[in-house]
Amino acid sequence: MTAIAPEFEVIVRGRTAVAERVVRVELERADGEPFPEWRPGAHLDLLLPIGVERQYSLCGDPADCDVWTIGVLREERGRGGSDWVHELLEVGGSIRVRGPWNHFAMTDAASYRFVAGGIGITPLLPMIRAAEASGASWTLDYAGSSTSRMAFASELASLGGERVRLHVADEGRRLDLAALTPRAGELVYACGPARMIDELASFSNSWPPSTLHVERFEAKPLAEPVLHESFEVELLLSGETLTVPPERTVLDVVEEAGLFVLSSCREGTCGTCETVVVEGDVDHRDSILSPEEQRANDRMMICVSRAACPRLVLEL
1 MTAIAPEFEV IVRGRTAVAE RVVRVELERA DGEPFPEWRP GAHLDLLLPI
51 GVERQYSLCG DPADCDVWTI GVLREERGRG GSDWVHELLE VGGSIRVRGP
101 WNHFAMTDAA SYRFVAGGIG ITPLLPMIRA AEASGASWTL DYAGSSTSRM
151 AFASELASLG GERVRLHVAD EGRRLDLAAL TPRAGELVYA CGPARMIDEL
201 ASFSNSWPPS TLHVERFEAK PLAEPVLHES FEVELLLSGE TLTVPPERTV
251 LDVVEEAGLF VLSSCREGTC GTCETVVVEG DVDHRDSILS PEEQRANDRM
301 MICVSRAACP RLVLEL
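Numbering-wise (full-length UniProt numbering), the sequence shown opens with residue 1 and increments by one.
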């Protein structure tokens with residue numbers, strides 16, 4: 001079955017510009033109760049009154065259950081969500097959120113290398129603070145087009161000193177991803193533009209398995225499906241068997257059958273529709289699961305992933 005996260009009405013407690021086109025928004029529950037606990041790497045769904053949902057990384061202190069903090073970049077070619085936040089979500093205003101979700105969880109290690117591009121710094125902030133608090137070794141390579149557009153840069157420099165390396169394009173200091181070779185036992189956590197993540201992933205092919213952990217804000221380009229034909233999905237909990245044609249997704253077909261499945265992005269980037277696979281081989285097409293997680297074949301994002309066999313059995 002798909003995961004269920006709680007939904008809350010929240011009030012904007014604070015709002016601060018932290019870079020050009022980036023605001024930090026602090027949220028508190030309207031009922032005065034604490035939020036659920038969360039771990040570094042988590043995100044929430046912002047349920048906008050214009051009929052869209054957007055995912056934003058939690059970038060505050062996980063120990064503070066009274067406030068959830070997000071950083072929102074006003075996208076130059078966005079679909080309206082960030083415009084609404086920047087123009088209309090003011091201090092004292094209310095909105096609904098769902099979460100927390102975490103598909104970018106931090107694993108314990110003695111040493112970390114963090115790599116951020118632009119607004120990709122937000123999920124890494126709590127990780128950096130957690131690494132610092134645990135006494136682990138860490139470094140951050142943070143790339144941006146200009147210093148004015150790099151959110152939280154001064155805060156991070158104060159925290160990390162020489163461990164924080166800023167790569168500012170308009171100052172001639174570009175990030176050389178090929179040079180970011182991790183030390184033995186070091187884990188790499190990266191978030192940023194698709195081009196940066198794709199390039200880093202290609203370099204990581206020579207690294208030990210499970211060294212690189214990434215979060216993508218954009219879906220990977222979809223490859224051709226393994227099967228160009230219809231397949232069946234048996235829904236174990238509801239007792240139905242449905243046919244998924246080549247031009248439809250599992251999520252489409254399940255919803256058309258009248259079954260409710262929590263979903264959001266519909267492009268394999270948020271993880272909201274993650275579903276347990278009981279039987280069958282999956283053609284994984286999401287931008288979330290690691291290669292190791294995909295090979296385990298025990299869950300799938302039904303908004304984009306398909307069958308690599310004639311029949312799947314899902315816990316739905």
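The C-beta atom is built at its ideal place from N, Cα and C for all residues, glycine as well. Everything numeric in this text was worked out from a predicted model, so none of it was measured.
For the alpha helix (DSSP H) that glycine 81 lies in, which residues bound it at each end?
-> To locate residue 81, count along the sequence shown from 1; it is residue 81. 81-88 is the span of the alpha helix (DSSP H), which, as asked, contains glycine 81.
At least 3 beta-carbon pairs within less than 8 angstroms: the region 202-221 vs the region 134-151 | no
Over the uninterrupted alpha helix (DSSP H) stretch that includes glycine 160, give me the two end residues.
-> In the sequence shown, residue 160 corresponds to position 160, counting from 1. 153-160 is the span of the alpha helix (DSSP H), which, as asked, contains glycine 160.
Report all residues from its chain with a CB closer than 8 angstroms to the CB of arginine 174; omit the five preceding and five following residues, and keep chain order.
-> The residue labelled residue 174 in the question sits at position 174 within the sequence shown. Closer than 8 angstroms at Cβ, skipping near neighbours: Ala143, His167.
The beta strand (DSSP E) with phenylalanine 35 in it runs from where to where?
-> Position 35 of the sequence shown, counted from the start, is the residue given in the question as residue 35. Careful: phenylalanine 35 lies outside any beta strand (DSSP E) and carries neither H nor E.
Rounded to whole angstroms, what's the CA-CA distance from methionine 301 to serine 148? Just pull it up for me.
-> In the sequence shown, counting from the first residue as 1, residue 301 sits at position 301. In the sequence shown, counting from the first residue as 1, residue 148 sits at position 148. Taking the straight line from one Cα to the other gives about 37 angstroms.
Helix, strand or coil at threonine 272 according to DSSP, with G and I counted as helix | Counted from its first residue, the sequence shown places residue 272 at position 272. In the structure shown, threonine 272 sits in coil (DSSP, three-state: anything other than H, G, I, E or B).
Could you tell me whether the Cβ atoms of tryptophan 84 and leucine 48 are closer together than 8 angstroms?
-> Here residue 84 refers to the residue found at position 84 of the sequence shown. Here residue 48 refers to the residue found at position 48 of the sequence shown. Yes, the pair counts as a contact, with Cβ atoms nearer than the cut-off.
Between the CA atoms of glycine 41 and valine 313 - distance to the nearest angstrom = Against the sequence shown, residue 313 aligns to sequence position 313. Against the sequence shown, residue 41 aligns to sequence position 41. One C-alpha to the other measures close to 30 angstroms.
Looking only at DSSP bridge pairs, what is valine 115 linked to?
-> Working through the sequence shown from its first residue, we reach residue 115 at position 115. DSSP lists Asp141, Ala190 as partners of valine 115.
Quick one: Cα of proline 62 to Cα of threonine 69, how far?
-> Translated into the one-based positions of the sequence shown, residue 62 becomes position 62. Translated into the one-based positions of the sequence shown, residue 69 becomes position 69. Taking the straight line from one Cα to the other gives about 10 angstroms.
With a CB to CB cut of under 7 angstroms and the five nearest residues on each side skipped, what residues in its chain are close to glutamate 240?
-> Within the sequence shown, numbered from 1, the residue matching residue 240 stands at position 240. So the qualifying residues of the chain are Ala257.
Assign leucine 251 to buried or exposed, taking buried as 16 or more other Cβ atoms, counted over all protein chains shown, within 10 Å of its Cβ.
-> Mapped onto the sequence shown, residue 251 falls at position 251. It is buried - the Cβ of leucine 251 has at least 16 other Cβ atoms within 10 Å.
Smallest Cα separation from threonine 16: which of Tyr56, Ala5, Val72?
-> The residue labelled residue 16 in the question sits at position 16 within the sequence shown. Among Tyr56, Ala5, Val72, the Cα nearest to that of threonine 16 belongs to Val72.
Three-state secondary structure (DSSP) at threonine 16?
-> Residue numbering aside, residue 16 sits at position 16 when the sequence shown is read from its first letter. Of the three classes helix, strand and coil, the one that applies to threonine 16 here is strand, per DSSP.
Write down every uninterrupted run of the beta strand (DSSP E) in the region 163-240 whose length is 3 residues or greater and which is fully enclosed by it, in chain order.
-> 164-168, 187-192, 212-216, 231-235
Tell whether a beta-carbon distance below 8 angstroms holds between valine 10 and serine 94.
-> For the purposes of this step, residue 10 is taken as the residue at position 10 of the sequence shown. For the purposes of this step, residue 94 is taken as the residue at position 94 of the sequence shown. Taking 8 angstroms as the Cβ cut-off, valine 10 and serine 94 qualify as a contacting pair.
Please report how far the alpha carbon of aspartate 66 lies from the alpha carbon of glycine 92, in whole angstroms.
-> Counted from its first residue, the sequence shown places residue 66 at position 66. Counted from its first residue, the sequence shown places residue 92 at position 92. Roughly 16 angstroms between the two C-alpha positions.
Would you call the region 210-220 and the region 193-201 in contact, with 3 or more CB pairs under 8 angstroms?
-> yes
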